[in-house]
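Mapping of the sequence shown onto mature numbering (1 follows the signal peptide of the UniProt record, and there is no 0): residues -19 to -1, 1 to 106, in sequence order.
Structure record follows, encoded as structure tokens.
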Amino acid sequence: MRKFLIISMLCLMAFSAQAANLTDAFQGTLSTFAGENGAGFAEQRSVEPIIANFITVALSFLGVVFLLLTLYAGFMWMMAMGDEKKAKTSRDLLTAAVIGLIIVVASYAITLLVMNRFTSTLIIQ
């Protein structure tokens, strides 16, 4: 038991010394990225880029939702096993998901066009 305690203490001291060295090494990097310039507080930002990025993220999320609905509807259709009611339900869901996906893609294209054409905002692509 005594050997185990001695070995544990030696390992703990070795790792804590190494952690102290790493802390000193990353201090300069942290001040570079977490300072006013790194956080983006030094520059004045307008509302347009924030709104444009929010719309882009929201439309991307909706695109993923409709893509998952498309996959789910396809899975339901394959698992209907000849049941016409389940097959019709899955076909209707698949049609709605594809229409929703087309609407989201068109909305994204319109948003991209408007924000890039009429403002100086560059949307994340």
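Backbone N, C-alpha and C define an ideal beta-carbon position, used for all residues, glycine too.
- Secondary structure of D73 (DSSP, three-state): helix.
- Residue burial is scored here from C-beta neighbours: L(-15) has fewer than 16 other C-beta atoms within 10 angstroms and is therefore classed as exposed.
- Of the other Cβ atoms in all chains shown, 16 or more fall within 10 Å of the Cβ of M96; this residue is therefore buried.
- The alpha-carbon separation between A78 and M60 amounts to approximately 18 Å.
- Around the beta carbon of F47, 16 or more other beta carbons lie within 10 angstroms, which makes this residue buried.
- Per DSSP, G63 lies in no alpha helix (DSSP H) and is assigned neither H nor E.
- Nearest in C-alpha terms to L75, of all of M62, W58, I91 and D64, is W58.
- The beta carbon of A39 sits closer than 6 Å to none of the beta carbons in its chain outside the five residues before and after it.
- The beta carbons of G44 and V85 sit about 5 Å from each other, so the pair counts as a contact at 8 Å.
- Excluding residues up to 5 positions away in sequence, L40 lie with their Cβ nearer than 7 Å to the Cβ of S88 in the same chain.
- Using a 10 angstroms sphere on the CB of S(-12), the tally of other CB atoms stays under 16, which defines it as exposed.
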